[in-house]
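Sequence order for the protein chains is G and C.
Our numbering numbers the first residue of the first sequence as 6 and each following residue consecutively.
Our numbering numbers the first residue of the second sequence as 6 and each following residue consecutively.
The beta carbon of each residue, even a glycine, is placed where N, CA and C say it ideally should be.
Structure first, commentary second.
Protein chains: 2
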Amino acid sequence: MNEHEIIDRIRQLFPQRAAKIGIGDDAAVIGEQVITTDMLLEDVDFTRAVPIECIARKSLAVNLSDLAAMGAIPAFGVMDLGLPPWALDKLDAFLTSLAASARQYDFDLVGGDLSRSEKLIVAITATGWVSKRPLLRSGARAGDRIYVSRPLGASSAGLQLLQRGWLEPPRELPYAQRELAESMIRRHMDPEPEVALGIALASIDAVTACIDVSDGLSTDLHHLCDASGGGADIERERSPVFPDLASTGPLLGIDVRQAVIDGGEEFALLFTSTLRESELSTRTGRPVYAIGRIARAQGVRLDGAPLRAGGFDHFA
Amino acid sequence: MNEHEIIDRIRQLFPQRAAKIGIGDDAAVIGEQVITTDMLLEDVDFTRAVPIECIARKSLAVNLSDLAAMGAIPAFGVMDLGLPPWALDKLDAFLTSLAASARQYDFDLVGGDLSRSEKLIVAITATGWVSKRPLLRSGARAGDRIYVSRPLGASSAGLQLLQRGWLEPPRELPYAQRELAESMIRRHMDPEPEVALGIALASIDAVTACIDVSDGLSTDLHHLCDASGGGADIERERSPVFPDLASTGPLLGIDVRQAVIDGGEEFALLFTSTLRESELSTRTGRPVYAIGRIARAQGVRLDGAPLRAGGFDHFA
């Protein structure tokens, strides 16, 4: 079974009685409450070379990003922590960092479970409150504009550099490459969830659907279209690219198109609206980027050519 | 840091603003909602020799037992699943079993996160609703009777047998020993949470405090006393022992006293009340076992001698 098939099987086996929105969106909605969970694993999602402060913040950020995609206000949650000896030695830095991040987003950690383990495991469950309404993946209609909330490509490129062992880029790199490499590595290790934007979008009726870019633009756009029952046409030209990635990325050996179109863990919001870019920017008080339109025809197309879901599947 | 010190540090770092009851009880209470989480790990909490159906049910049971200790009604929750190849092959049996158990307790699984991993990881977060009131660890007063909800010792003894490699006891064992061994192994692998009893106890005002026996009677009684601000006197004679364990356990090499007094993962409820055993049995419709009294004097005593918390500490 691949990831998609497993999720389908789970949906089949577990009736979603309590849930307005159950398995299959970024988070579940039960009454006015939103709930989601994400687990980060050593040697799957990070290595022990990554600063423990970043692991702590990211383990919360991935959950808050799911709440953001629902337009929800962070509330409280719990954490399971599997600790190997190396992480136990750094536990205070981990907890201090997590606490600062929780405070920043007004999130209360109210419980958890501790265990020793061979690899570091951080599994957080976050609940939030529906703000004006839950933002779903399923509301997009033909003609709606498709938006992303920020330039893409840095996280996936940063991961490629980390996989070369570049926790710090080599000192002999030219300045511009080193600067770019550093900021992309940081973006991968320490992503910011779009909590405020999600809440703002939920308050705008003309925003029709939303998802966070965790699997990659191509894959998450497929998810949004599948849930909404339509297709999408996007333009490569219009997809915003992380600053300097287009010019300097290739010098670092980065496949820019792949990083922007298929790269996961961006934690930008991908959403649709009947409103124009300028109006949405005004109403949210920040830039947003129109990249295409929802279409009646099934499937996702990039510059007219079919675009397959190129994101990561744990079980493919 | 040992487990206790880590939890203290977490409590210090994370303000419990949203929570009526935060870190430190069996579950947190926020408004009318109860939330808890527990994670089971391969080679820490079970081995891959254990039937996957049991792992599935136990991963939910440990959470439902926390809800039971609060007197809460199971509602909904989420699951993080880290899957190694051997477990992916048995995933359908795992999910089918988990779904049956969820149905039995009226618990809805509404979301989750999947990952590949080297070892099987099952981290469930369960929420419930406060029934009449939340049962806390902190309400016991000097003179209250101390109760356990069922005979103890089987889970810890079953674990000892499992650690000998006895998933099935050897066929050459005498019948009585084999029967006992099988039922203790089953009790360890496939525990039943006391959900109905917890809800019943919450409806009885004269029940003053409650905790589940997950760390072991001696340790959990210390927890209850610490939270309530008193001490306890219990009698070995009165502690109910799993049927045939006292007579046949020693033939299997089981230290019966240790299994009953210190053995963890019993998932019985340990609670206090001003009521007599016969009255509590009548009102709950089932046997309960008085084992001693709450005392003004700090500390826990067994037959008058100080009893230390003998339970398992992951980080001791």
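Next item on the list: Compare the C-beta of Phe19 (chain C) against all C-beta atoms of chain G and say whether one is closer than 9 Å.
Entry: With 9 Å as the cut-off, Phe19 (chain C) counts as an interface residue toward chain G.
Next item on the list: Please list, in chain order, all residues of the same chain as Ser233 (chain G) whose beta carbon is under 6 Å from its beta carbon, the five residues on each side excluded.
Entry: The beta carbon of Ser233 (chain G) lies closer than 6 Å to those of Ser143, Ala145, Ala214 in the same chain, with the five residues before and after it left out.
Checklist line | Members of the segment 41 to 55 of chain C that neighbour chain G once the beta carbon cut-off is set at 8 Å | finding: So the list reads Thr41, Thr42, Asp43, Met44, Leu46, Asp48, Val49, Asp50, given in the order they occur along the chain.
Item checked: chain G contact for Arg249 (chain C) (CB, 9 Å cutoff) -> According to the sequence as given, residue 249 (chain C) is Asp; it is not Arg. It does not: the Cβ of Asp249 (chain C) has no partner Cβ on chain G nearer than 9 Å.
Notebook entry, point to check: Exposed or buried, Asn68 (chain C), counting other C-beta atoms within 10 Å across all chains shown (16 or more means buried)?
Noted result: The C-beta of Asn68 (chain C) has 16 or more other C-beta atoms within 10 Å across all chains shown, which makes the residue buried.
Check: Nearest chain G C-beta to His227 (chain C) closer than 9 Å, yes or no?
Finding: By this cut-off, His227 (chain C) is not an interface position.
Next item on the list: Taking only beta carbons into account, state which residues of the segment 57 to 88 of chain C come closer than 7 Å to chain G, listed in chain order.
Entry: Going along the segment 57 to 88 of chain C in chain order, one finds Ala80, Phe81, Val83, Asp85, Gly87 with a Cβ nearer than 7 Å to chain G.
Next item on the list: Starting from the beta carbon of His5 (chain C), find every residue of chain G whose beta carbon is closer than 7 Å, and list them in chain order.
Entry: The structure shown does not extend to residue 5 (chain C), since chain C is modelled only from 6 to 321, so the question has no answer here.
Margin query: Given a cut-off of 9 Å on the beta-carbon distance, is the pair Phe276 (chain G) and Tyr110 (chain G) in contact?
Written below: Contact flag unset, no.
Next item on the list: Kindly indicate the opening and closing residues of the alpha helix (DSSP H) around Trp91 (chain C).
Entry: Start and end: 90 to 93.
Notebook entry, point to check: Is there contact here, the segment 221 to 231 of chain G with the segment 298 to 310 of chain G, by at least three beta-carbon pairs under 8 Å?
Noted result: Cβ pair count under 8 Å is three or more, so yes.
Check: Quick one: which chain C residues come within Cβ less than 9 Å of Val200 (chain G)?
Finding: Those do not exist, as Val200 (chain G) stays about 16 Å from chain C at its closest Cβ, beyond 9 Å.
Check: Thinking C-beta only, is Arg14 (chain C) closer than 9 Å to Asp85 (chain G)?
Finding: With contacts defined as CB atoms closer than 9 Å, Asp85 (chain G) and Arg14 (chain C) fail to qualify as a contacting pair.
Next item on the list: Assign Ile259 (chain C) to one of three DSSP states: helix, strand, or coil.
Entry: Residue state for Ile259 (chain C) is assigned as coil, using DSSP reduced to three classes.
Notebook entry, point to check: Taking Cβ-Cβ distances shorter than 8 Å, what residues in chain C pair up with Gly116 (chain G)?
Noted result: By Cβ distance, chain C contributes Gly27, Ile28, Ala32, Ala33, Ile40, Thr41, Thr42.
Check: Using the beta-carbon of each residue, which ones in chain C are nearer than 7 Å to Leu96 (chain G)?
Finding: Within chain C, the residues near Leu96 (chain G) are Met6, Ile11.
Check: Could one say the Cβ of Leu100 (chain C) lies closer than 9 Å to chain G's Cβ atoms, at least one of them?
Finding: Answer yes: the Cβ-Cβ gap between Leu100 (chain C) and chain G drops below 9 Å somewhere.
Margin query: Can you check which of these residues, C:Ser161, C:Leu167, C:Ala310, C:Pro175, is closest to Glu261 (chain C) by C-alpha distance?
Written below: With the sequence shown as reference, residue 261 (chain C) is identified as Val, and Glu is not the correct amino acid for it. Of the candidates C:Ser161, C:Leu167, C:Ala310, C:Pro175, the one whose C-alpha sits nearest the C-alpha of Val261 (chain C) is C:Ser161.
Notebook entry, point to check: Does any residue of chain C bring its CB to less than 9 Å from the CB of Ile15 (chain G)?
Noted result: Yes - at least one Cβ of chain C is within 9 Å of the one on Ile15 (chain G).
Margin query: Restricting to Cα atoms, I'd like to know which of G:Ala310, G:Gly258, G:Glu123 is closest to Glu47 (chain C).
Written below: Comparing Cα-Cα distances from Glu47 (chain C) to each of G:Ala310, G:Gly258, G:Glu123, the minimum goes to G:Glu123.
Note to self: Do Ile35 (chain G) and Gly51 (chain C) count as a contact pair if the criterion is CB distance below 9 Å?
What the structure shows: The sequence as given places Phe at residue 51 (chain C); Gly does not occur at that position. In this structure, the beta-carbon distance from Phe51 (chain C) to Ile35 (chain G) does not fall below 9 Å.
Check: Whose Cβ in chain C lies nearer than 9 Å to the Cβ of Lys124 (chain G)?
Finding: Residues of chain C passing the Cβ test: Ser122, Glu123, Lys124.
Notebook entry, point to check: What runs of the beta strand (DSSP E), each 3 residues or longer, lie entirely inside the segment 96 to 146 of chain G?
Noted result: Listed in chain order, the complete beta strand (DSSP E) runs (minimum 3 residues) inside the segment 96 to 146 of chain G are 113 to 121, 126 to 135.
Margin query: Going by DSSP, what residue range makes up the beta strand (DSSP E) through Arg298 (chain C)?
Written below: For Arg298 (chain C), the enclosing beta strand (DSSP E) starts and ends at 294 to 300.
Next item on the list: Identify the continuous alpha helix (DSSP H) that holds Gly236 (chain C) and give its terminal residues.
Entry: From DSSP, Gly236 (chain C) is part of no alpha helix (DSSP H) but of the beta strand (DSSP E) over 236 to 239.
Check: Which residues does DSSP pair with Asp30 (chain C) in a beta bridge?
Finding: Partner residues in the beta bridge of Asp30 (chain C), as assigned by DSSP, are C:Ile28.
Checklist line | Whole-angstrom C-beta distance between Glu199 (chain C) and Phe272 (chain C), which should lie under 8 Å | finding: Right, their Cβ atoms sit about 7 Å apart.
Next item on the list: Tell me, please, whether the CB atom of Arg108 (chain C) is closer than 9 Å to any CB atom in chain G?
Entry: Answer yes: the Cβ-Cβ gap between Arg108 (chain C) and chain G drops below 9 Å somewhere.
Next item on the list: Please say whether Ile126 (chain C) and Ala128 (chain G) have beta carbons closer to each other than 9 Å?
Entry: Note that the C-beta distance between Ala128 (chain G) and Ile126 (chain C) is below 9 Å.
Margin query: Contact defined as beta carbons within less than 8 Å: I believe Val39 (chain C) pairs with Val115 (chain C). What is the distance between those atoms, to the nearest angstrom?
Written below: Going by Cβ atoms, the distance from Val39 (chain C) to Val115 (chain C) rounds to 16 Å, so no, they are not a contact pair.
Next item on the list: Check the Cβ-Cβ distances between Asp308 (chain C) and every residue of chain G, and say whether any is below 9 Å.
Entry: No, no contact with chain G.
Item checked: Close Cβ partners of Gly297 (chain G) (< 8 Å) along its chain, the five nearest in sequence each way excluded -> Hits under 8 Å: Arg150, Ile151, Ala237, Asp238, Ile239, Glu240, Arg243.
Checklist line | Contiguous beta strand (DSSP E) assignments of at least 3 residues, all confined to the segment 150 to 225 of chain G | finding: Within the segment 150 to 225 of chain G, the complete beta strand (DSSP E) runs of at least 3 residues fall at 150 to 153, 212 to 217.
Next item on the list: Compare the C-beta of Leu164 (chain C) against all C-beta atoms of chain G and say whether one is closer than 9 Å.
Entry: No, its Cβ sits nowhere closer than 9 Å to a Cβ of chain G.
Next item on the list: Report the neighbours of Leu93 (chain G) on chain C: residues whose CB is nearer than 9 Å to its CB, in chain order.
Entry: Within 9 Å Cβ-Cβ: Met6, Ile11, Phe320.
Next item on the list: Measuring only between beta-carbons, confirm whether Asp238 (chain C) sits less than 9 Å from chain G.
Entry: With 9 Å as the cut-off, Asp238 (chain C) does not count as an interface residue toward chain G.
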